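Read the structure below first, then the notes.
There are 4 protein chains.
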Amino acid sequence: MAERVNVSFFQELMAAVAEQGRALLPKALFGEAGGESIEVLSRALMSGRGEASGVAIARQLLNQLKKATSEERLQFFRFLADDLQPNPAHVADAARAYLDYPSDKTLAKLQKASYSPRLEFFRRLNLAAGATAEIVALRSDLVRHIKSDEALAAVDADLERLLTSWFNRGFLVLRRIDWQTPAAILEKIIEYEAVHEIRGWDDLRRRLDPKDRRCFAFFHPALVDEPLIFVEVALMREMPDAIATVLDGRRPEDDAPPTTAVFYSISNCQDGLKGISFGNFLLKQVVEDLARDVASLRTFVTLSPVPSFARWVDRALASGSDVPISAADRQALSRLRDPRWVEEAAKDAPGTDELKSALMGLAAHYFLVARSNDDRPVDQVARFHLGNGARLERLNWLADPSEKGLREAHGLMVNYRYDLAEIERNHEAYAYDGTVAASRAVRSQLKPVAKPKGLSTMPDLLALPGTGKAKKGRPEETKP
Amino acid sequence: MAERVNVSFFQELMAAVAEQGRALLPKALFGEAGGESIEVLSRALMSGRGEASGVAIARQLLNQLKKATSEERLQFFRFLADDLQPNPAHVADAARAYLDYPSDKTLAKLQKASYSPRLEFFRRLNLAAGATAEIVALRSDLVRHIKSDEALAAVDADLERLLTSWFNRGFLVLRRIDWQTPAAILEKIIEYEAVHEIRGWDDLRRRLDPKDRRCFAFFHPALVDEPLIFVEVALMREMPDAIATVLDGRRPEDDAPPTTAVFYSISNCQDGLKGISFGNFLLKQVVEDLARDVASLRTFVTLSPVPSFARWVDRALASGSDVPISAADRQALSRLRDPRWVEEAAKDAPGTDELKSALMGLAAHYFLVARSNDDRPVDQVARFHLGNGARLERLNWLADPSEKGLREAHGLMVNYRYDLAEIERNHEAYAYDGTVAASRAVRSQLKPVAKPKGLSTMPDLLALPGTGKAKKGRPEETKP
Amino acid sequence: MAERVNVSFFQELMAAVAEQGRALLPKALFGEAGGESIEVLSRALMSGRGEASGVAIARQLLNQLKKATSEERLQFFRFLADDLQPNPAHVADAARAYLDYPSDKTLAKLQKASYSPRLEFFRRLNLAAGATAEIVALRSDLVRHIKSDEALAAVDADLERLLTSWFNRGFLVLRRIDWQTPAAILEKIIEYEAVHEIRGWDDLRRRLDPKDRRCFAFFHPALVDEPLIFVEVALMREMPDAIATVLDGRRPEDDAPPTTAVFYSISNCQDGLKGISFGNFLLKQVVEDLARDVASLRTFVTLSPVPSFARWVDRALASGSDVPISAADRQALSRLRDPRWVEEAAKDAPGTDELKSALMGLAAHYFLVARSNDDRPVDQVARFHLGNGARLERLNWLADPSEKGLREAHGLMVNYRYDLAEIERNHEAYAYDGTVAASRAVRSQLKPVAKPKGLSTMPDLLALPGTGKAKKGRPEETKP
Amino acid sequence: MAERVNVSFFQELMAAVAEQGRALLPKALFGEAGGESIEVLSRALMSGRGEASGVAIARQLLNQLKKATSEERLQFFRFLADDLQPNPAHVADAARAYLDYPSDKTLAKLQKASYSPRLEFFRRLNLAAGATAEIVALRSDLVRHIKSDEALAAVDADLERLLTSWFNRGFLVLRRIDWQTPAAILEKIIEYEAVHEIRGWDDLRRRLDPKDRRCFAFFHPALVDEPLIFVEVALMREMPDAIATVLDGRRPEDDAPPTTAVFYSISNCQDGLKGISFGNFLLKQVVEDLARDVASLRTFVTLSPVPSFARWVDRALASGSDVPISAADRQALSRLRDPRWVEEAAKDAPGTDELKSALMGLAAHYFLVARSNDDRPVDQVARFHLGNGARLERLNWLADPSEKGLREAHGLMVNYRYDLAEIERNHEAYAYDGTVAASRAVRSQLKPVAKPKGLSTMPDLLALPGTGKAKKGRPEETKP
């Protein structure tokens with residue numbers, strides 16, 4: 001008898017544990033067998049009965065969402081957008097009360113009345129074990145639908161706010177990624193690498209295992225095997241001027257200690273965390289850790305791509321552009337149309353010097369003078385590093401002759417340098433005036449015709465002032 | 001030369017690392033040496049420069065707060081209350097716009113305008129390593145000041161909302177506490193135990209180490225050595241009717257497997273997390289884990305205190321009370337005034353039966369009939385377990401003859417039983433009607449005169465309906 | 001001043017820590033710079049000064065051995081063989097004293113006098129951090145030299161005895177290998193797999209990651225990233241008759257739980273641990289763990305190769321063999337000479353049945369009747385499993401059509417079954433009489449002409465008695 | 001049907017797993033229920049069937065030994081002593097063969113014939129999970145019986161040899177003990193502390209938790225919660241001259257970094273590992289680790305007890321002693337008989353100077369001149385540190401006024417100093433000539449009359465030569 005009871009007890013428990021959870025669900029939620037709809041479950045979760053069976057409902061709902069078709073998920077997002085809204089009458093009442101008599105109390109009531117129930121909804125959804133990762137995945141799905149359905153933007157705004165709170169830097173854990181890391185994480189590194197593709201496990205090993213290579217990632221405790229962002233670092237003896245010197249296996253023969261930490265790839269991993277910035281925290285933490293562990297390091301630089309340079313060059317060359325390009329330079333640049341130009345440039349064929357000079361000049365203009373509509377540099381990667389307080393250190397000709405490198409940037413790569421003595425100053429100048437910190441070498445590559453007025457009178461300035469007011473605030477999430 | 005640079009570089013870094021952080025702080029924040037004020041730092045943190053030096057400012061501010069006097073901290077809380085408010089003009093504008101034309105967009109603007117900057121403030125404060133624990137500690141300090149300064153309640157409301165988000169159950173980790181647990185955590189268990197005091201390490205060992213004793217706690221990844229809540233469990237062969245049978249060292253001689261898991265102590269640990277409920281999740285998780293690991297378990301009960309019973313008895317006996325007490329019972333209860341009554345009752349002295357009958361009758365009334373202003377049971381612990389779906393299983397006479405047990409409850413303890421087959425039903429009935437689930441045995445102890453009308457006509461009901469409408473929602477945080 | 005001292009102190013320490021250790025070495029050990037010879041260091045290690053500087057000497061010696069040429073290492077082994085011997089005069093004296101008066105004391109002296117100083121030598125060598133792995137590597141080198149230099153066998157015997165003591169099963173740790181395992185270990189699994197080659201990381205993942213695949217390995221605490229032996233297991237619904245059904249990705253569509261654990265690959269990893277048996281312990285431990293974790297399992301079998309079957313068939317077919325083969329079978333078997341036989345057999349071409357019958361008959365003879373010189377089964381893998389108490393359950397035709405499978409066993413694979421109810425009986429019968437436990441099905445495949453006398457009179461026996469006395473003792477280390 | 005089989009299968013397995021193991025044992029081992037005798041099991045373990053059921057037999061035997069009475073265990077030890085011996089006839093044959101023709105082969109046969117079967121017995125016993133700790137415990141029991149039964153010494157010799165192999169330094173793991181250490185280990189620290197008693201958990205915390213206190217222990221992977229030896233360290237600003245300055249809670253007010261690591265307690269934990277030395281390895285490892293982690297450390301010293309000083313003083317004062325003591329000193333020393341002498345000395349009562357001078361003079365003699373029969377220093381602790389290469393740095397008057405400190409050493413404690421620059425030299429001099437390295441200060445406290453001849457002629461020597469030949473070899477295991 002007791003046996004029977006226990007079996008039933010255990011089975012019920014197991015039903016719950018086995019993530020089916022229906023044993024714990026209010027019976028009313030189920031029509032036909034398995035017929036609980038996503039919307040019914042969503043309403044149940046919000047109903048307030050949640051405390052007793054909330055975990056089970058949340059789990060059940062997440063399971064249904066995982067099995068759902070794209071169309072069903074879209075319906076779910078629309079339900080969130082349309083139905084999980086503050087009660088308009090309550091908002092209106094509270095707004096009127098506040099206008100009548102602004103006070104702590106009427107403000108609190110207004111905040112409460114206008115508080116989005118979606119925040120509470122996702123908070124309850126997160127009760128289930130493993131929910132956080134699934135919520136992040138939901139958002140990456142949601143983002144894809146926004147273009148076609150603007151009303152979903154409000155759902156996304158709530159979700160971004162919630163995830164910003166949950167993924168606060170204080171909750172992130174920095175972990176070194178190396179050859180002792182579980183394969184389940186390493187395969188994510190291969191998959192998420194967004195800058196210089198990792199070609200399988202041998203290539204991965206070459207980037208992680210040698211004692212002069214490092215990789216670090218931020219993790220969140222609730223996303224066990226999922227890196228949020230990672231950076232790959234090479235410990236070298238000088239600032240590299242081409243990606244090949246970082247990625248190939250060659251090393252100096254002697255054992256002299258490394259002096260230069262080169263950040264050559266930073267990749268964000270989670271589309272569902274779009275808009276939440278980790279990169280600046282990651283870089284600073286890694287700089288601190290490396291400086292402590294490798295006493296010989298003196299220099300911290302990147303070797304970064306220039307993702308929109310080629311597109312910008314096209315526009316600059318187009319008629320109507322206000323980018324000043326001399327006829328000679330224009331002539332030299334026309335070689336770029338010949339796909340063989342790289343080969344020939346590598347052989348230093350006639351005309352190479354001219355092409356290099358023209359292209360580097362344009363590059364200097366691209367970084368130092370050109371601005372997008374928001375009066376900030378055109379280049380996403382530049383915005384990220386300059387916003388962090390780095391300075392543009394060097395332009396590297398023919399640094400990435402890969403198909404992607406040529407297509408995006410005519411082979412150009414650049415170094416940004418993190419010099420602790422000027423990080424704060426650079427950041428402030430960039431944030432308030434849009435000033436781009438750049439080395440004298442880079443500034444000297446700017447063609448005279450392009451120099452903004454007055455520049456020649458302040459030859460010792462390290463940084464170029466922007467042409468106007470940059471908006472302050474968080475740099476957008478970008479990738480080097 | 002390079003050496004010199006590096007030394008300076010490393011020193012600056014170390015300054016930052018060593019949590020002094022001033023090297024990274026905008027110079028303007030400092031007047032005289034060490035003279036950066038809490039308010040100046042707080043404004044700097046909110047200023048938006050935060051991205052470059054936010055971590056350092058947050059760390060510096062937390063350090064200053066730790067060193068601050070109680071008065072200085074109060075000033076800080078007042079600064080938060082007064083200065084970190086939404087801009088009233090913006091709120092008013094947005095309120096008017098919404099009233100003029102309620103839409104997704106005007107709602108979003110209203111939400112944004114009325115959004116409390118304190119939430120952002122604490123989010124930035126949490127950038128610093130170890131900040132979460134310090135913020136929780138700040139709140140436990142803040143709570144103490146609210147009584148004397150009502151304006152701080154708004155700060156607390158923001159903080160509670162934020163901590164509710166951060167300490168979502170999905171982020172909590174259940175860990176077993178046993179004799180393999182680090183001493184740094186064990187001493188917290190001794191310190192935080194709130195129900196049956198732990199008298200030193202030997203007493204602790206008796207509760208953790210034997211194979212028929214368990215202890216589980218919830219932890220948050222950002223509060224490394226700090227349990228949030230923990231429960232102590234005894235695996236027994238029957239439902240115990242006195243705390244001594246749980247706490248003393250005696251055991252049955254044979255090796256028969258345990259059938260009954262007894263939750264005899266649940267303690268919340270962090271005053272700074274007041275109002276954020278973990279107990280129901282903890283109990284459910286532990287029931288699941290125990291049922292899986294100890295196959296012989298069939299029954300899950302508590303042995304719980306009745307913290308406000310004695311106080312309620314006093315009021316019931318006072319003139320003007322509407323609790324019906326017969327003259328004979330009143331006579332029997334008068335013995336409680338004699339401090340020796342326990343001794344005599346233990347010896348079964350004349351009059352003991354009468355006292356027991358009277359007291360148990362009152363206890364049944366206390367649980368089944370009496371209600372507080374919110375129309376829920378008077379007893380905090382009862383609210384917690386009944387709200388979780390448990391049923392009141394047994395009243396135990398002379399179950400806790402300790403000084404505290406006598407003072408608070410005339411020695412009474414009770415068992416609540418978690419029976420999976422009825423948890424959901426009990427919870428729903430309690431949430432919607434205030435119905436108290438109770439065993440027939442408990443109901444039969446209710447004196448006839450006290451029974452609500454109609455009760456005798458439904459002898460098979462397991463639960464007593466409440467006398468009115470209970471408010472639905474989360475049970476208050478309570479301790480057994 | 002103090003500063004100076006400390007710098008020097010720290011430098012000396014670092015010198016030691018940096019595994020150069022010369023600072024701690026007796027000066028006499030060094031002639032010219034770096035000129036400490038392996039022999040000089042070896043003598044120093046044995047000299048008894050060892051207690052003060054033993055760790056440093058051991059580390060230095062191991063470093064030198066790592067850098068040594070093959071010839072230098074051979075010299076080192078010869079030094080061990082020739083010079084690290086018991087003193088012959090002492091041995092002779094002790095032998096005489098024992099013969100004069102055998103007693104506890106004279107025996108103890110004889111043991112001491114004849115005790116090999118090499119055991120003490122390796123014990124001291126193992127003082128250095130990381131030494132154990134290097135000693136194991138040394139032995140795998142030593143073993144290669146034995147063939148050409150018999151005197152080294154004595155060194156190997158000592159080393160085997162020592163490693164047998166160090167790698168006692170009580171010190172081994174069983175760890176599951178899965179997709180959470182560090183890459184540094186996984187690449188060893190790929191490298192060491194000796195039965196069915198693992199073709200890269202994707203293939204590895206298919207063997208480790210699915211929830212119906214398992215892999216377990218023994219580790220020794222002193223060999224951190226080095227598995228000693230590992231077994232790959234498939235959880236299936238029936239005993240497989242071909243390796244393809246294990247290795248390909250297909251699965252049953254429904255979710256019915258697995259009933260059969262199939263051990264399809266066991267690989268020893270360390271040549272330096274040759275002769276030290278782990279396989280039987282590993283299998284038993286894994287059977288226990290799986291039976292506990294996967295409640296639906298009822299059957300534990302292998303799918304094993306038959307590594308010397310093809311070679312034995314060649315001998316059986318040769319003139320002078322005493323294996324009875326009918327003319328028809330001989331005719332059928334001649335098809336094996338045509339490399340296309342597999343293809344045709346797969347298509348069930350004419351003659352396939354005859355070939356199968358002949359080959360299976362020979363296989364039954366190979367396992368049940370044929371014996372090697374030591375009167376045990378010819379097959380190494382069979383010796384291992386039969387010695388462990390398994391029974392030969394089934395012969396599988398065309399089970400491994402890989403190049404290796406055809407070359408070694410004409411495609412034959414077999415299942416051994418571990419049936420707890422008869423493990424002990426099978427083991428004892430095998431150990432004492434050489435009896436081969438086999439299923440009735442296998443026995444029935446034995447051609448009548450080949451059956452040993454009297455067999456037909458005991459049709460119910462599960463096992464065939466051997467033809468004579470098997471030597472008892474540890475089965476040799478073998479691989480399935 | 002399959003169900004039934006599985007239940008039985010699982011039950012059998014569980015029987016084995018539950019360490020009862022009888023299901024796997026050869027039936028012949030059991031007479032009546034539970035009646036398997038220790039001797040029968042021991043013989044079964046040695047019988048060679050061991051491979052199939054060895055683990056189960058070993059576990060069963062260990063269980064029986066744990067339940068056995070002291071008398072039964074003694075019988076077991078006698079069985080090992082008497083029955084598990086090499087076969088005398090085989091030994092005699094092999095001895096004769098060796099004498100006839102000494103060669104590698106005859107030597108190997110002699111080694112094999114005289115090899116103690118007890119080594120193999122314990123190797124097999126160690127197959128069971130957790131066996132190593134139980135074998136160590138067995139030896140601590142065995143050691144107690146040796147005095148009364150000399151034949152057991154041979155068993156102990158085998159066991160010591162085996163444990164020396166198993167507990168090789170290469171297998172030990174150094175772990176820091178602090179407030180994060182599991183309570184199960186910390187309570188062992190309290191229990192095993194052998195020098196300055198730890199009075200409960202608060203006292204323990206004072207020794208482990210402050211940032212200027214350290215504790216390190218060696219562990220063996222097979223003895224999970226059992227430290228083998230541990231050392232307590234105080235990081236101070238000068239070499240302490242009394243134990244109170246180490247143990248009390250007072251600290252300097254400023255934050256100046258520590259310069260001096262003081263080893264004030266080393267305790268061996270396992271009686272069963274008697275004779276196996278860990279102390280020297282522990283000290284060296286800890287010195288290395290501390291020097292690396294705490295850059296400000298310049299000095300490594302002990303504050304050590306002098307355990308047999310008082311006993312030696314009694315003998316020195318007795319008639320017939322050859323220790324030269326002047327009449328005045330003898331008079332001063334007579335005060336020691338008055339129990340109040342310490343109090344008075346603390347108050348600097350008249351006569352204190354004379355007493356101090358006399359006692360310190362004797363102490364210098366005790367360390368520098370007195371020798372035991374083996375021509376080494378009388379003091380066990382001195383032997384340990386001097387053998388490790390330390391030098392006697394200072395004699396501390398009234399350094400330990402505890403009851404034990406007065407009883408054993410009239411309050412005397414000493415500092416030994418580990419100076420890397422002279423460790424090797426000191427060790428060699430001590431090992432070969434018995435020379436005691438001592439500071440000039442200590443040497444100057446030697447009374448002129450006691451100085452060995454010629455000493456005055458070599459005032460610059462740091463060390464006193466011994467009076468004869470010390471035996472070289474491992475210092476005995478001693479405790480400071």
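Chains A, R, L and B, in that order, are what the protein sequence lines are. In case it helps, full-length UniProt numbering puts the first sequence at residues 1 to 480. In case it helps, full-length UniProt numbering puts the second sequence at residues 1 to 480. In case it helps, full-length UniProt numbering puts the third sequence at residues 1 to 480. In case it helps, full-length UniProt numbering puts the fourth sequence at residues 1 to 480. Virtual Cβ for every residue (Gly too), placed ideally from N, Cα, C. Since we're looking at a predicted model, the values are computed, not measured.
Contacts with chain R at 8 Å (Cβ-Cβ) include B/Pro182. By the Cβ-count criterion, B/Thr435 is buried, with 16 or more other Cβ atoms from all chains shown falling within 10 Å of its own Cβ. Straight through space, the alpha carbons of L/Leu392 and L/Val195 are spaced by roughly 19 Å. Counting only runs that start and end inside the stretch 244-322 of chain B, the beta strand (DSSP E) elements of at least 3 residues fall at 260-268, 299-302.
Three or more beta-carbon pairs separated by less than 8 Å are not found between the stretch 202-216 of chain L and the stretch 266-279 of chain L, which leaves the two stretches without contact.
R/Ala234 sits close to R/Val262, with the two beta carbons spaced by under 8 Å.
Assignment of beta-bridge partners to B/Ile229 by DSSP yields B/Phe218, B/Asn268.
For L/Leu368, the closest C-alpha among the options L/Asp379, L/Gly200, L/Lys147 is that of L/Asp379.
From the beta-carbon of R/Leu223, no residue of chain B is found nearer than 7 Å; the closest lies around 15 Å away. At least 8 Å separates the CB of A/Trp341 from every CB of chain L. Counting along the chain, B/Met413 sits inside the beta strand (DSSP E) bounded by residues 413-417.
In this structure the stretch 155-172 of chain B lies against the stretch 111-122 of chain B, because at least three pairs of beta carbons, one per stretch, are closer than 8 Å. As DSSP reads the structure, R/Met236 sits in a beta bridge with R/Thr260. The C-beta of B/Tyr264 has 16 or more other C-beta atoms within 10 Å across all chains shown, which makes the residue buried. The C-alpha of L/Ala56 is placed about 57 Å away from the C-alpha of A/Ser444. Taking 8 Å as the threshold, the shortest C-beta distance from R/Trp166 to chain B does not fall below it. Within the same chain, and ignoring the five residues on either side of L/Glu238 in sequence, the residues whose Cβ sits closer than 8 Å to its Cβ are Thr259, Thr260. R/Ala382 sits away from R/Ala310, with the two beta carbons spaced by 8 Å or more.
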